[in-house]
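K.L.:
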Amino acid sequence: MKNILFIIIVVFTLFAIGCQKSFLDKKQNKSLAIPVNARDLQSMLDNTSVFNNQVSPSLGEISSDDYFITEESWNTLTRKTIRNAYIWLANIYDGEEHDNDWAYAYQQILYANTVIENANEIDKDFQNVYGSALFYRSWAYFQLSQLFCGEYDPATAASDLGLPLRLEQDVTIKSERSTIQTLYSQIINDLNSSLLYLPDLPDVKTRPSKAAVFALLARIYLQMRDYENSLYHANLFLGIKNNLIDYNEINVNLSFPFPRFNEEVVFHTTQLPEQIFQQTRLIVDTTLISTYAENDIRKEAFFSELGNSGYYTFKGSYDGTRFLFSGITTSEVILISAECKARLNNLEGAAGDINYLLKNRFRRDSFDNSIVLQKSNILKEILSERRKELVFRGIRWSDLRRLNHEEQFSKNLYRRLGDDTFVLEPNSPKYVFQFPIEVIRLTGMTDNERN
Amino acid sequence: MRLIYSLVAFGLLLCPQSLLAQENIVLRGVLKDVETSEPIYQATILVLGTQIETTTNNDGEFLLRLPKSIREVMISHINYEKKILELTLPLPGQVSVFLTPKIRQLDEVVLSTGYFTLQKEQSTGSFTHIDNKLLSRRVSSDIISRLEGITNGLHFDRRHVGQTGNQNDPALRIRGRSSINSSISPLIVLDNFPYDGDLESINPNDIESITVLRDAASAAIWGAKAGNGVIVITTKKGRYGQGTQITFNTNATIHKTPDLYYNSSFIPSSDYINFEIEMFERGLYATDENSVLQTPLSPVVELLILQRDGHMSTTDVAEKINAWRNIDIRREAELYLYRKSFDQRYSLSASSGSEINSIYITGAYDKNSHSLIGNDNHRTTIKIFNKIKPVRNLEITGEISFANHRINENGIGLSSLAPISKMSIYPYANLMEEDGDAAVIVRDYSRRYINHAEDAGLFSWEYRPLQERKLVNNVRRQNEIRAGVAVVYAITPSLRLDAKYLYQKGTNEINRLYKEDSYYVRNLVNRYTQTDLSRPIPFGEITHSQNGNQMSHSGRMQLNFDRTFYDNHVFTGLLGLEVRENAIHDQPGYTLYGHDSEVLTSVGGLDYYNYYETRPFGIARLPVPPTLFNEINDRFLSYFFNGSYSYKDKYIATASLRWEGSNLFGVKTNQKGVPLWSAGGAWIISNESFYELESLSYLKSRFSYGVSGNVNRTTTAYPVVRYSTDPITQFLRAQLQSPGNPQLRWERVAVLNIGLDFSGRNNRIRGSIEYFHKKSSDLIGLTSMDPTTGLRNALGNSQYSVNYATLRNQGLDLELNTNNLNGSIIWDSQFLLSYVNNKVLNYDESMFPSNVFASFTQILNTPPVLGHSLDEVYSIPHVGLDPENGDFLVEIDGQLTNDYFSYFRSITFNDLKHHGTSIPKWFGSLRNSFSLKRLSVDFNLTFKAGYYFNRQSIEYSGLLNQWVGHNDYNKRWTKPGDERHTYVPSVPSNPNDPTRDAMYNASSVLIEKGDHIRLQDISVSYHFDSPFSSNRHSGGKKLRLYGYVNNLGIIWRANKLKIDPDLPNASILPPKSFSLGAQLDF
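Same order as they appear, the protein sequences are chains D and X.
Sequential numbering from 36 applies to the first sequence in this note's numbering.
Sequential numbering from 10 applies to the second sequence in this note's numbering.
(1) Confirm, please, whether the CB-CB distance from glycine 598/X to glutamine 8/X is below 8 Å.
(2) Could you tell me the distance, in whole angstroms, from the CA atom of asparagine 161/X to the CA atom of tyrosine 707/X?
(3) My output table needs one value for arginine 74/D: the three-state DSSP class, helix, strand or coil.
(4) Is alanine 168/D close to chain X? Criterion is C-beta to C-beta, closer than 8 Å.
(5) For asparagine 870/X, does the count of other Cβ atoms within 10 angstroms reach 16, so buried, or fall short, so exposed?
(6) Helix, strand or coil: how does DSSP classify leucine 1078/X here?
(7) Would you say glutamine 114/X lies against chain D (beta-carbon separation less than 8 Å)?
(8) Shorter than 8 Å from the beta carbon of asparagine 672/X to some beta carbon of chain D?
(9) When the cut-off is 8 Å and only beta carbons count, does valine 474/D lie next to chain X?
(10) Give a yes or no on whether the minimum CB-CB distance between arginine 291/X and chain D is below 8 Å.
(11) Leaving aside the five residues before and after arginine 212/D along the sequence, list all residues of the same chain whose C-beta is less than 8 Å from its C-beta, in chain order.
(12) Would you report the Cα separation of aspartate 1090/X and arginine 1049/X, rounded to the nearest angstrom?
(13) Using Cβ-Cβ distances below 8 Å, what residues of the stretch 116 to 146 of chain D are close to chain X?
(14) Under 8 Å, Cβ to Cβ, is there at least one residue of chain X near lysine 62/D?
(15) In whole angstroms, what is the alpha-carbon distance linking serine 561/X and phenylalanine 394/X?
(16) Give me the Cβ distance between aspartate 101/D and leucine 323/D, rounded to the nearest whole Å; I'm assuming they're in contact under 8 Å.
(17) Decide if asparagine 1040/X is buried, meaning its Cβ has at least 16 other Cβ atoms within 10 Å, or exposed.
(18) Out of His320/X, Glu328/X, Ala359/X and Gly185/X, which one is the CA nearest neighbour of glycine 252/X?
(19) With 8 Å as the threshold, decide whether the Cβ of threonine 871/X is near any Cβ in chain D.
(20) What's the call for asparagine 204/D, buried or exposed, on a 16-neighbour Cβ count within 10 Å?
(21) Nearest chain D C-beta to phenylalanine 580/X closer than 8 Å, yes or no?
(22) Straight-line CA distance for arginine 248/X to alanine 814/X?
(23) By the DSSP assignment, the alpha helix (DSSP H) with histidine 268/D in it spans what residues?
(24) Within 8 Å (strictly less), CB to CB, does aspartate 81/D reach chain X?
(25) Would you give the residue range spanned by the beta strand (DSSP E) that threonine 951/X belongs to?
(26) So which residues of chain X does phenylalanine 291/D contact, with C-beta pairs closer than 7 Å?
(27) Where DSSP assigns a beta bridge to arginine 473/X, which residues make up the other side?
(28) Using a Cβ-Cβ distance cut-off of 8 Å, determine whether valine 467/D contacts chain X.
(29) Does the beta-carbon of glutamine 306/D have 16 or more other beta-carbons within 10 angstroms, so that it is buried, or is it exposed?
(30) Scan the stretch 840 to 874 of chain X for residues whose Cβ lies nearer than 9 Å to a Cβ of chain D and list them as they occur along the chain.
(31) Got a sec: is the Cβ-Cβ distance from lysine 1106/X to anything in chain D below 8 Å?
(32) Report the residue ranges of all alpha helix (DSSP H) runs contained in full by the stretch 703 to 768 of chain X; include only those spanning at least 4 residues, in chain order.
(33) Might you give, ordered along the chain, the residues of its own chain that have their beta carbon closer than 6 Å to the beta carbon of asparagine 175/X, omitting 5 neighbours on each side?
(34) For a cutoff of 8 Å on Cβ pairs, would you count proline 471/D as touching chain X?
(35) Please state whether the Cβ-Cβ distance between alanine 726/X and proline 70/D is less than 8 Å.
(36) Identify whether methionine 441/X lies in helix, strand or coil by the three-state DSSP scheme.
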């Protein structure tokens, strides 16, 4: 009797102890993981729905001057913020919680921070993810800076308000605004560090590479109007890659003539898909259309006529879909190189770059290397080519902001809705958007003045 | 070993007895329980008229020496009826005596908690027991619905029915709502283990009884899953020594055709046509007309376009349109889509028991047609349960059951006629042409576009619902197997070791076949047909299949102790260990194109990666067949203790303790488990010697307190990612599922229960009243986070799980049973009444939603507010209509205005009107049963009170764009002065703008009181001796004929609009049903 009891108790206890350790360690859902190893972290960065696909901010493009929409189609836009951003109202949110531009970018930053915190950069297995995360974080911060911060001005950058800089995974840390100087230093330092860990060109174009880092640095220095640094990085990029698609080879009759991940793409992202960009609404600015020469293949490859209305809509996304491409391509870097060379008085170099680009854009039989090499108009020509080439790439808004500083290139923008006309003047505070209302409500950070 | 032990025990027990030496006969015997065949120990055998007595040993054996002249001995035991044993000489070597357990004075209700059974009288907790007779009064194919209206404290919540697709199952609430964001469904236990399968695979005829565990003392043994209460279902099992019994039960139910005219979201054809003509004149269809997506327009608008463009004469158009004015889609649907439905059920069971073996076998077949033509289901269930007692102190139980369920879902309901881009179909749609052909209705694209399909080399793009129904075959098959084994070994009569194992597996397979002429195939093939008319999707049948299975293993080892010391001290207790795993494995399934179901071939090699041009517009990949597996393994490990002590049948104390662990992922090891406990006490006052109240012959008070919990598997302490395949790169990708919160804790539910049980003389009145207080703390909720943190869910919200609120539920449950007449007519009544209300006691203020309008004007899931109920109904105050244009008015700072945006921005929580709850605070039933000889009639009135619901009304944006009407349209404001007698706003100047609609539909004028009384059902039955009865012993043979009528309808309601307040969102009510059946026992 006692023996039996004893045996039972022993069996019970052994069974209980034996079970507990391993039994409850079984993963509840096989597709879940605590991200610690290189594969987990790489997979987080390979999430194109977070980093690449339909996530780049679009408020800038919405407020840019490359297109317009009719009053009727404006009326049927469901989001108030989009309607207001289109006509540059001082208070675009008007009580609406609209934070797509902000939240998607900060989601990338959270992912990148999680990876940076868990990746040991000394360990070879982790180097690529570490470098990639640094790039993604810088990419997100720079995109945000173009919407929610003023332009970089070396004189005041140390006191101008920048973005809340989140560099840790912990979501309970309170957000506080940094200065523009801190923001830009962080971005540039991170990008320089990332160069240690990245390959020249990526395995797949949704991933970062040295080339992408050079292009982004060239873009950032251009925006800071530091043309020497910009050119320096553009040249580093072109040392890795400088090939272009010859538009004579593409079929312009397709609904979307450019395939995704095409030869010119170095880093692939697309903009947030806003209703206002739908091909049924978006009408390309008529003045812009008129600047494309008859023998410029881009006119047919980028645009399609809406019926026989004489109006055009856009179909030239490098995503091969209706979603607007916003990544990095060779042609952008060539244009940066040309502009910097022109500004630094290397007119021949600038003309060489532009001719190289246009040779691949114009009809083969009609192109004659005919860019005029005059100091008075070469910069204007290059900027015009830049606008024509990089249309609907999420770049125009930044260009408007920086060119506003130069009298000869600054301009008033106009919108018309019925009888109402709206104007956006150069250097207006409306070139900087307010933080989303819920961000201000939940953090109490100082908002941007937009009046 | 056993022998030694027996001898020792025998000796120990017999030694104190002084045996008289002069007796010259010896009586040897063994006492057994008549039901369980268990030996009965410590029974007294008294030789009447002498002082000679003895007690049985642990094996139930006794030995008595007595004078020859003695002819009778009396056998008695505290738990059994006394028995006089007559002795006839010569005495047999050993007599077997069976004792019948005592019928308790109050009721002999045996409650099952899934771990142990106990007499209701011995409990300190709150139980509701539904016996077999009560379960059988209702006729249905499922078991849970039978509890409605007869279970005290159990509420069936149907507010969501009609809102979320086909989800028609009620949500069950036992004594309110114990959580905010975690599951609030009770745990369902089948026999001994939580039931992981589909409740549809349980045959209700196999159920013996149901016990609902409502408080901590009853439910805490279930630990972390018991916070919402537990429903324990006990199946029939057969008994030892009962002989053979066979029961055949069959019944049939007819459900009336559903009443499609009940739905108020309908606008008569003629009114809608006039509305469309007016909107067309205002140019409101221009965007859709010119859309490159070829957005579908209604037939009237298409005609008006033809007329405007001069392709059709005004008179022709008018003639066509006028013909449509007389069509009513509801009439069409009633004729061609719905029907009277018919259910048939057959069940045969047999049980047999000898002294060492008992077996129960049952088989049942159900065939239910559905009120939607094309939908039906068939179910076969088989079960075998066997108990063997190879030796006296060992019992081995084996059970195996199987269920097969086939569900055909080819019906097309009124709501599924709506095109994908709309929420309803236009009211003048017809389904059948005059010549008997299936009619065409608008589907995905405009008429103007699909008219050219065949000329362009495509297949016809027309959608004919009545034809489509025949060209689609949608079948769901579910199989379930349960197999279990249990061993009970009595180490000593008071100590039993109980080991159980159960395996359960359910498979679910969905097959969908679209024939080649079906719209589904034509549409898909057409969409991808390229300009050169090549077809990336081959023309042919398309078939989809998907299957998943669910499997659980449960094991338990338990030591039970049950012993009475010195007659007055009864200890029972159990100590055990339980291990469970429930695994769900879903396979991705397949999609086969160009299929031929005749010869089972399909076309392979489709290009899922590249983009194709699609018609009418855009580019797309071919629909990629699913690729994801899903594998979930939930594991639980628990240790538990439960004990009770009672003294002299007057004082009872109980306690339970459980440690519960689960394989929660992404939490620290010490967060995987939680200890939970309960304690209770009871005092049977009427057993006291000083108690003299004769009219109240039984009185018991009891209380219990304890803590159970709630598992929330979505929260983690560490960051957790979920893997999938990236659609763009096809690489492995990970999505941050939870950023991790190191401060997370388990939700806890502390329950206090105080009850009083009473019964009058002769049980003419008996009942109970209970008060409960449930406090749920550390409730987990999503807090709004600064989007800068990067937290972002699929809906675009930045949220984070924290323990943020405390909630209190308190209420009363009253049960009163009376026997009103007890002559030739017997009249019994049962009155059930429950009150429950919840209140948020503690709440993290930072989580208060900023968007007051959007958060609080939805009825389900309003955010918690300190001091308010979670089920509170809020609305915006109704201040009337603008006398000038019939606009809905809102009040801002005392000014009446139609500036909805400002109102939307400025409205605060205090501006809202607070009505009450959307869940009844009071509910219950009154059931009367009458029996006259062999006839008995029973009807049940249910009632609910103290609640509100939001009814729907006209939304002009929906009317214009979604084709959704509402009969309030005819009450709308049309001219100044109307505002004095209507609250329905006018057609707005811009019907595209949904803001005014949203304001009006959230206004207080549409909030109605839900109070009502319903005649739920009537049950009639007649017993007579079986015509097949044989001469031998006809006692067990009888025939019962029964009838049952369900959903008889509401006999009184507070709202004047004839809306069923329990189903405020449903467009179709459950129709009345009539059942007839027979049960034959032989």
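A virtual CB, placed ideally from N, CA and C, is assigned to each residue, including glycine.
P.N.:
With the given structure in hand:
(1) A query on residue 8/X cannot be resolved here, the shown segment of chain X reaching from 10 to 1091 and no further.
(2) Reading the second sequence from its first residue, position 152 is the one you call residue 161/X. Reading the second sequence from its first residue, position 698 is the one you call residue 707/X. Taking the straight line joining both Cα atoms gives about 21 Å.
(3) By 1-based counting over the first sequence, the position of residue 74/D is 39. Secondary structure at arginine 74/D: helix, using DSSP grouped into helix, strand and coil.
(4) Position 133 of the first sequence, counting from 1, holds the residue named residue 168/D. Answer no: the Cβ-Cβ gap between alanine 168/D and chain X never drops below 8 Å.
(5) Here residue 870/X is taken as the residue at index 861 of the second sequence, counted from 1. With fewer than 16 other Cβ atoms within 10 Å, it is exposed.
(6) Position 1069 of the second sequence holds residue 1078/X. Coil, per DSSP.
(7) Reading the second sequence from its first residue, position 105 is the one you call residue 114/X. Because the pLDDT of glutamine 114/X is 41, which lies under 50, any placement of that residue in the model is unreliable, and the question is left without a value.
(8) What you label residue 672/X is simply residue 663 of the second sequence in a count that begins at 1. Interface residue, yes.
(9) Mapped onto the first sequence, residue 474/D falls at position 439. Yes, contact with chain X.
(10) The residue given as residue 291/X occupies position 282 in the second sequence. Contact with chain D is absent for arginine 291/X, since none of that chain's Cβ atoms lies less than 8 Å from the residue's Cβ.
(11) In the first sequence, the residue the question calls residue 212/D occupies position 177. Once the five neighbours on either side are set aside, the close Cβ partners of arginine 212/D are Leu196, Gly197, Leu198, Pro199, Met480 and Thr481.
(12) By one-based count along the second sequence, residue 1090/X stands at place 1081. By one-based count along the second sequence, residue 1049/X stands at place 1040. Rounded to the nearest angstrom, the two C-alpha atoms are 8 Å apart.
(13) Asp129, Gly130, Glu132, Asp134, Asn135, Trp137, Ala138, Tyr139, Tyr141, Gln142, Gln143, Ile144, Leu145 and Tyr146
(14) As a working mapping, residue 62/D is identified with position 27 in the first sequence. In terms of beta-carbon proximity, lysine 62/D lines the interface with chain X, with at least one pair separated by less than 8 Å.
(15) Indexing the second sequence from 1 puts residue 561/X at position 552. Indexing the second sequence from 1 puts residue 394/X at position 385. Looking at the backbone, the Cα of serine 561/X and that of phenylalanine 394/X are separated by about 19 Å.
(16) For this step, residue 101/D is matched to residue 66 along the first sequence. For this step, residue 323/D is matched to residue 288 along the first sequence. That pair is a contact at about 6 Å.
(17) Within the second sequence, residue 1040/X is the residue found at index 1031, counting from 1. Confidence at asparagine 1040/X is low in this model, with a pLDDT of 42, below 50, so its placement is unreliable and the value that follows should be read with caution. Exposed, by the Cβ-count rule.
(18) The residue you call residue 252/X lines up with position 243 of the second sequence. It is Ala359/X whose Cα lies nearest to the Cα of glycine 252/X.
(19) Translated into positions along the second sequence, residue 871/X becomes position 862. Not an interface residue.
(20) Along the first sequence, one-based indexing puts residue 204/D at 169. In the sequence as displayed, the identity of residue 204/D is glutamine instead of asparagine. That one is buried.
(21) In the second sequence, counting from the first residue as 1, residue 580/X sits at position 571. No, phenylalanine 580/X does not count as interfacial toward chain D.
(22) If you number the second sequence from 1, residue 248/X lands on position 239. If you number the second sequence from 1, residue 814/X lands on position 805. Cα to Cα, arginine 248/X sits roughly 50 Å from alanine 814/X.
(23) Counting from one through the first sequence, the residue named residue 268/D turns up at place 233. Note, histidine 268/D: alpha helix (DSSP H), 262 to 275.
(24) Working through the first sequence from its first residue, we reach residue 81/D at position 46. Answer yes: the Cβ-Cβ gap between aspartate 81/D and chain X drops below 8 Å somewhere.
(25) As a position in the second sequence, residue 951/X is number 942, starting the count at 1. Start and end: 944 to 954.
(26) Numbered from 1 along the first sequence, position 256 holds the residue referred to as residue 291/D. Within 7 Å Cβ-Cβ: Ile628.
(27) Translated into positions along the second sequence, residue 473/X becomes position 464. Paired residue(s): none; arginine 473/X is not in a bridge.
(28) In the first sequence, counting from the first residue as 1, residue 467/D sits at position 432. No, valine 467/D lies away from the interface with chain X (no Cβ there is under 8 Å from its Cβ).
(29) Numbered from 1 along the first sequence, position 271 holds the residue referred to as residue 306/D. The residue in question, glutamine 306/D, is buried, as its Cβ has 16 or more Cβ neighbours within 10 Å.
(30) Correct list: Ser855, Ser859 and Asn860.
(31) An answer regarding residue 1106/X cannot be provided, because it is not within the stretch 10 to 1091 covered by chain X.
(32) none
(33) Here residue 175/X refers to the residue found at position 166 of the second sequence. Residue placement at asparagine 175/X is poorly supported in this model, since its pLDDT is 45, which falls under 50; the coordinates still yield a value, given next. Result list for asparagine 175/X: empty, nothing under 6 Å.
(34) Taking the first sequence and counting its residues from 1, the one referred to as residue 471/D is at position 436. So yes, proline 471/D belongs to the interface.
(35) Within the second sequence, residue 726/X is the residue found at index 717, counting from 1. Within the first sequence, residue 70/D is the residue found at index 35, counting from 1. Not a contact, by the Cβ cut-off of 8 Å.
(36) To locate residue 441/X, count along the second sequence from 1; it is residue 432. In the structure shown, methionine 441/X sits in a strand (DSSP, three-state: E or B).
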